[in-house]
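Add 449 to the 1-based position in the sequence shown for the numbering used here, that's all there is to it.
Virtual Cβ for every residue (Gly too), placed ideally from N, Cα, C.
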Amino acid sequence: MMTAVMERTLLAPRPAPPAPTREPTMHPYRRIVYGVLVGAMTLLAVATLDTFAGA
450 MMTAVMERTL LAPRPAPPAP TREPTMHPYR RIVYGVLVGA MTLLAVATLD TFAGA
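This is the structure in structure tokens:
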């Protein structure tokens, strides 16, 4: 009994391997930079509300 792999001859072209998938990796420094930016924007928002709301 022959399987699908055994049916092709040795001279037949092989199927192309699947393209490597590149998973997005989050670099540690990017995470730190994003955290600092979010913190700075939060402080700016609080300071703006404090100034204009007169709290």
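Practice item. Return the CA-CA distance between Ala489 and Arg479, expressed in angstroms with no decimal places. Key: The residue labelled residue 489 in the question sits at position 40 within the sequence shown. The residue labelled residue 479 in the question sits at position 30 within the sequence shown. Distance between the alpha carbons of Ala489 and Arg479 is about 15 Å.
Check your understanding: Any idea what DSSP makes of Thr497, helix, strand or coil?
Key -> The count along the sequence shown starts at 1 and reaches residue 497 at position 48. Three-state DSSP puts Thr497 in a helix.
Review point. Taking just the CA atoms, how far does His476 sit from Pro467?
Key: In the sequence shown, counting from the first residue as 1, residue 467 sits at position 18. In the sequence shown, counting from the first residue as 1, residue 476 sits at position 27. Straight-line Cα distance between these residues: approximately 26 Å.
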